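See below for the structure under consideration.
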Amino acid sequence: MAWSALNDDLCLCKCTPPPKLVNSQTSFKEVIENNSNRTINNEALIQKDNFIIDDNYQLQFQCIDSVSGFPIFGIYYIAISNTGTILKGLTDKCGLTEVLTKDKEETFEIHFFEEVIL
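Quick note on the working numbering: the sequence shown kicks off at 1499 and runs consecutively.
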């Protein structure tokens, strides 16, 4: 079971400067086995009284090694929405994908690859 971050928790991603951690009521974790092309659907429950409400939706994934617990950088990914939006690239040094901002809610599935998929 994964625990949500609390205010002022320490971040182990070794990013410079380290990110400021703020607790959140949304969390999602999916363990992906090696050489697996399973999909991930991020359908987190949101308590709206804990957030500033605006008209934008943002989505970002992080690729974490299931053995060490550390972020995996330089992994190729492709994320496809239910409306056909495609996002692809490499995870950054914190194992994060690019942030995708949309004006309406969409469901994404994401695939991580060890090799470039053209």
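For each residue, glycine too, the CB sits at the ideal point set by N, CA and C.
From a predicted model like this one, the values you see are computed outputs, not experimental measurements.
Can you tell me whether DSSP reads Phe1606 as helix, strand or coil?
Under the three-state reduction of DSSP output, Phe1606 falls in the strand class.
Does the beta-carbon distance from Gln1556 to Thr1605 come in below 8 Å?
Taking 8 Å as the cut-off, the Cβ atoms of Gln1556 and Thr1605 do not count as close.
Is the beta carbon of Leu1588 less than 8 Å from the beta carbon of Ala1577?
At least 8 Å separates the beta-carbon of Leu1588 from that of Ala1577.
With respect to the beta strand (DSSP E) encompassing Thr1581, which residues constitute its N-terminal and C-terminal limits?
In this chain, Thr1581 is not harboured by any beta strand (DSSP E), its DSSP state being neither H nor E.
Using CA atoms only, rank isn't needed, just tell me which of Gly1582, Val1565, Ile1570 and Ser1566 is closest to Asp1590.
By alpha-carbon distance to Asp1590, the top candidate from Gly1582, Val1565, Ile1570 and Ser1566 is Ile1570.
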